[in-house]
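Since the structure comes first, as structure tokens, the remarks are kept for the end.
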Amino acid sequence: MSSMIKNITNVKGIKCWGAHTGIKSMRRDMALIYSEVPASVGAVFTQNQVVAEPIKLAREYMADGKAQAIVVNAGNANACTGPDGYRGAEAMAEAMGEELGIDKELVLVASTGLIGEPFPTEEITKGIRENVSKLSSKSNAGSFAANAILTTDTFAKEGFLEFDLDGYEVNMAGIAKGSGMIHPRLGTMLAFIVTDAAIEPKLLQETVKEVADKSFNMITVDGDTSTNDVVAVLANGQAENDVMKSEDDPGYKLFRDKLEEMMVHLAKLIVSDGEGASKFITYEAVNAPDEATARALVRAVFDSTLVKAAMYGRDPNWGRIICAAGNAGVPFDYRTVDLYLGDESSQVKVLEKGIPQEYNRNYMKKLLRAADLMIILDLDNGDAKSKGWGADLSTDYVLFNSVYTT
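Everything in the sequence shown is counted per my numbering, starting at 44 for the first residue and increasing by one.
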């Protein structure tokens, strides 16, 4: 992953801006992203049954696989706001479209912030109209946009990649936000990725869903799936490579791999910024009979409140891990499993084929002081694997979220 010197403004044909409209008192609170030409779009959205109004609108507008602009407000989720909130989301798309001279249905709208607050449509649309003229391809504009989507985040989350795609130079960049209410199911927090690669919408949509399942859908902070989750990828074709239409096309596998690299990078940044988190934990299930089983086991373990709490307290209570795996809803025989705990450089086998192993508890507690921890389940029952990432559950998280609105 490239340094942050390059960002979304380095993708051909992309301009952006991050503005302060007053919805948030001390920070930028509106991000604008614009492609000079219509782009293919692939997106996945929250699976929460309580869906924010901009998500409803985005699902409708993105159905044809085309988009040209993104507008995001922070400070108000526009969720549980009823017809007025939906009209507010529509007004955002209309204002952006009118100022850019494009169809409103080419505008993807997203929001983040408090649920249930009346949506300040007039203030936000005014902010859009005042700031479209500031869209820029300068690097600072990319940084402004990345900062403008943040809520409880402590830092902006950005990524940039450049690579050769069948003889063409391709750029890919992304921004994301997320710190709490992180537990995506088929959707994600707010994440927006742009690339100048050329790819058909149907193939892009399939790719986005596949790769999101291996990245954003394999992280957790607190076990809550938001009302506003969306990850969207715009591909505007300005790299002028031959349009990718199928998985067999030259360059497609590399494109998919780079998109996965970008999504994993952004997803891990979100976990590292988890509210109150003191640990970044990598979970792996290896030598599983199939990937679905491995993924289910990883998610079951990193979902466990007891496992998260144990990692916060540096407690090598491996029984909690085995118990969580047994609740994954897939075949799991602990008597065939090896289990390892530790940090990135050293893992201790605490279970071998279901038999508890002796280990130095003082050494283990020292290992578990590390900020980056690893939990590895070896099923010895195949060659499939899966990996996920999560935060611990700290007292700071509880304190922060006990007074979130007050």
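Beta carbons are placed, not taken as given, at the ideal position from N, Cα and C, and that holds for glycine.
Remember, predicted model here, so these are calculated numbers, not experimental data.
message: So, at 8 Å on beta carbons, what are the nonlocal neighbours of Ala414 in its own chain, with the 5 sequence-adjacent residues on each side left out?
response: Numbered from 1 along the sequence shown, position 371 holds the residue referred to as residue 414. Taking C-beta separations shorter than 8 Å and ignoring five residues to either side along the sequence, the partners of Ala414 in its chain run Ser321, Lys322 and Phe323, following chain order.
field: Separation of Met407 from Pro163, as counted between CA atoms
entry: Here residue 163 refers to the residue found at position 120 of the sequence shown. Here residue 407 refers to the residue found at position 364 of the sequence shown. Take the alpha-carbon of Pro163 and the one of Met407: they are about 52 Å apart.
task: Confirm, please, whether the CB-CB distance from Ala74 to Ala101 is below 9 Å.
output: Position 58 of the sequence shown holds residue 101. Position 31 of the sequence shown holds residue 74. Contact flag unset, no.
Those residues which DSSP pairs with Gly433 across a bridge: Position 390 of the sequence shown, counted from the first residue, corresponds to residue 433. Partner(s): Thr263 and Ile324.
- request: If I'm right that Thr268 touches Asn91 with Cβ under 8 Å, what's the distance once you round it to whole angstroms?
  value: In the sequence shown, the residue the question calls residue 268 occupies position 225. In the sequence shown, the residue the question calls residue 91 occupies position 48. Between the beta-carbon of Thr268 and that of Asn91 there is about 5 Å, and that keeps the pair under the 8 Å contact cut.
message: Which same chain residues end up closer than 6 Å to Phe235 when comparing Cβ atoms and leaving out the 5 residues on each side of it in sequence?
response: Working through the sequence shown from its first residue, we reach residue 235 at position 192. The residues Ile113, Ile218 and Ala275, in chain order, have a CB closer than 6 Å to that of Phe235 in the same chain once the five nearest residues on each side in sequence are set aside.
Simplified DSSP state of Asn444, which is helix, strand or coil: Position 401 of the sequence shown, counted from the first residue, corresponds to residue 444. Helix at Asn444.
message: Counting C-beta neighbours from all protein chains within 10 Å, is the total for Phe203 16 or more, i.e. buried, or is it exposed?
response: For the purposes of this step, residue 203 is taken as the residue at position 160 of the sequence shown. Phe203 counts as buried, since no fewer than 16 other beta carbons sit within 10 angstroms of its beta carbon.
field: Cutoff 7 Å; reference Ala352; Cβ partners in own chain excluding five residues on either side
entry: What you label residue 352 is simply residue 309 of the sequence shown in a count that begins at 1. Only Leu436 meet the Cβ criterion.
field: Spatial distance of Val54 from Glu401 (CA atoms)
entry: For the purposes of this step, residue 54 is taken as residue 11 along the sequence shown, with counting starting at 1. For the purposes of this step, residue 401 is taken as residue 358 along the sequence shown, with counting starting at 1. Annotation: Val54 to Glu401 spans about 54 Å, alpha carbon to alpha carbon.
- prompt: How many Å lie between Thr52 and Ala331 at the Cα?
  reply: Within the sequence shown, the letter at position 9 stands for residue 52. Within the sequence shown, the letter at position 288 stands for residue 331. Answer to the nearest angstrom: the Cα atoms are 42 Å apart.
query: Just reading off the beta strand (DSSP E) that Asp207 is part of, what are its end residues?
result: The sequence position of residue 207 within the sequence shown is 164, counting from 1. Its beta strand (DSSP E) spans residues Lys200 to Leu208.
- prompt: Where in the region 87-162 do unbroken runs of the alpha helix (DSSP H), each at least 4 residues long, occur, reported from the N-terminal end onward?
  reply: 96-104 and 125-143, all fully within the region 87-162.
Own chain residues within Cβ distance below 6 Å of Val341, not counting five before or after: Here residue 341 refers to the residue found at position 298 of the sequence shown. For Val341, same chain residues with a beta-carbon under 6 Å away, outside a window of 5 residues either side, are Tyr326, Ala328, Ser429 and Gly431 in chain order.
message: Does the region 277-291 come into contact with the region 359-377, if we say contact requires no fewer than three beta-carbon pairs (one atom in each stretch) closer than 8 Å?
response: Cβ pair count under 8 Å is below three, so no.
- request: Please report how far the alpha carbon of Ser46 lies from the alpha carbon of Lys67, in whole angstroms.
  value: Working through the sequence shown from its first residue, we reach residue 46 at position 3. Working through the sequence shown from its first residue, we reach residue 67 at position 24. Any reading at Ser46 must be qualified, since the residue scores a pLDDT of 46, below 50, and its modelled position is unreliable; the value itself is stated next. If I take the Cα positions, the gap works out to 29 Å.
- prompt: For Ile418 versus Tyr383, is the C-beta distance shorter than 9 Å?
  reply: Start at 1 with the first residue of the sequence shown, and residue 418 comes out as number 375. Start at 1 with the first residue of the sequence shown, and residue 383 comes out as number 340. In this structure, the beta-carbon distance from Ile418 to Tyr383 falls below 9 Å.
task: Look at the Cβ atom of Ala122, then the Cβ atom of Gly159, and state whether they are nearer than 9 Å.
output: Taking the first residue of the sequence shown as 1, we reach residue 122 at position 79. Taking the first residue of the sequence shown as 1, we reach residue 159 at position 116. The answer is yes: Cβ separation under 9 Å.
task: Spell out whether any CB of chain B is found under 9 Å from the CB atom of Asp423.
output: Judged by its chain identifiers, the structure shown contains no chain B, having just a single protein chain.
- request: Would you mind working out which of Tyr295, Glu387 and Asn271 sits nearest Val93, comparing C-alpha positions?
  value: Translated into positions along the sequence shown, residue 93 becomes position 50. For the residues Tyr295, Glu387 and Asn271, the minimum Cα distance to Val93 belongs to Asn271.
- prompt: Could you check where the alpha helix (DSSP H) with Ile192 kicks off and where it finishes?
  reply: The residue you call residue 192 lines up with position 149 of the sequence shown. Here Ile192 belongs to no alpha helix (DSSP H), and DSSP marks it neither H nor E.
- request: Could you say which of Lys396, Lys409 and Asn370 lies nearest to Ser389 if we only look at CA atoms?
  value: Locating residue 389 in the sequence shown gives position 346, where the first residue counts as 1. Distance from the Cα of Ser389 is smallest, within the candidate group Lys396, Lys409 and Asn370, for Lys409.
task: Determine the closest residue to Phe443 out of Arg172, Leu143, Met69 and Asp196, with distance taken between C-alpha atoms.
output: Within the sequence shown, residue 443 is the residue found at index 400, counting from 1. The shortest Cα separation from Phe443 among Arg172, Leu143, Met69 and Asp196 belongs to Asp196.
- prompt: Going by C-alpha distance, which of Ile167, Gly56 and Lys147 is nearest Gly65?
  reply: Your numbering for residue 65 matches position 22 in the sequence shown. Selection Ile167, Gly56 and Lys147 evaluated against Gly65 yields Ile167 as nearest (Cα-Cα).
- prompt: Can you name, in chain order, every residue of its own chain whose Cβ lies under 7 Å from the Cβ of Lys311, other than the five neighbours on each side?
  reply: Within the sequence shown, numbered from 1, the residue matching residue 311 stands at position 268. The beta carbon of Lys311 sits closer than 7 Å to those of Trp432, all from its chain and outside the five residues before and after it, given in chain order.
message: Using a 10 Å radius around the Cβ and a threshold of 16 neighbouring Cβ atoms, would you call Ala106 buried or exposed?
response: As a working mapping, residue 106 is identified with position 63 in the sequence shown. Ala106 counts as exposed, since fewer than 16 other beta carbons sit within 10 angstroms of its beta carbon.
field: Bridge partner(s) assigned by DSSP for Phe235
entry: Here residue 235 refers to the residue found at position 192 of the sequence shown. In DSSP, Phe235 forms a bridge with Ile218 and Ala275.
Asp316 burial status per 10 Å Cβ neighbour count (16 or more: buried): Here the question's residue 316 lines up with position 273 in the sequence shown. Counting Cβ neighbours within 10 Å, Asp316 comes out buried, since at least 16 surround it.
Proximity below 9 Å, CB of Val87 to CB of Leu151: The residue labelled residue 87 in the question sits at position 44 within the sequence shown. The residue labelled residue 151 in the question sits at position 108 within the sequence shown. No, these two residues do not count as a Cβ contact at 9 Å.
- prompt: Going by beta carbon distance, what residues of the same chain come within less than 7 Å of Lys301, once the five residues before and after it are set aside?
  reply: In the sequence shown, counting from the first residue as 1, residue 301 sits at position 258. If the five residues before and after Lys301 are omitted, its C-beta is found closer than 7 Å to the C-beta atoms of Leu204, Phe206 and Met215, all from its own chain and listed in chain order.
message: Taking 9 Å as the threshold (C-beta atoms), are Val175 and Met139 in contact?
response: Reading the sequence shown from its first residue, position 96 is the one you call residue 139. Reading the sequence shown from its first residue, position 132 is the one you call residue 175. Yes, Cβ-Cβ distance for Met139 and Val175 is below 9 Å.
query: CB-CB under 8 Å to Ala188, same chain, minus the five flanking residues each way: which ones, in chain order?
result: As a first step, residue 188 must be located in the sequence shown, where it is residue number 145. Cβ within range, chain order: Ile51, Cys59, Trp60, Gly61, Ala74, Leu75, Ile76 and Ile218.
task: Please report how far the alpha carbon of Asp386 lies from the alpha carbon of Met287, in whole angstroms.
output: Locating residue 386 in the sequence shown gives position 343, where the first residue counts as 1. Locating residue 287 in the sequence shown gives position 244, where the first residue counts as 1. In this model, Asp386 and Met287 are separated by some 41 Å (Cα to Cα).
- request: Quick one: which unbroken alpha helix (DSSP H) runs of 4-plus residues sit fully inside the region 336-372? Chain order, please.
  value: Qualifying alpha helix (DSSP H) stretches, in chain order: 348-355 and 361-369.
query: Where does Tyr211 sit, in a helix, a strand or coil, going by DSSP?
result: Sequence index remark: in the sequence shown, residue 211 carries index 168 (1-based). When secondary structure is reduced to three states using DSSP, Tyr211 falls in the strand class.
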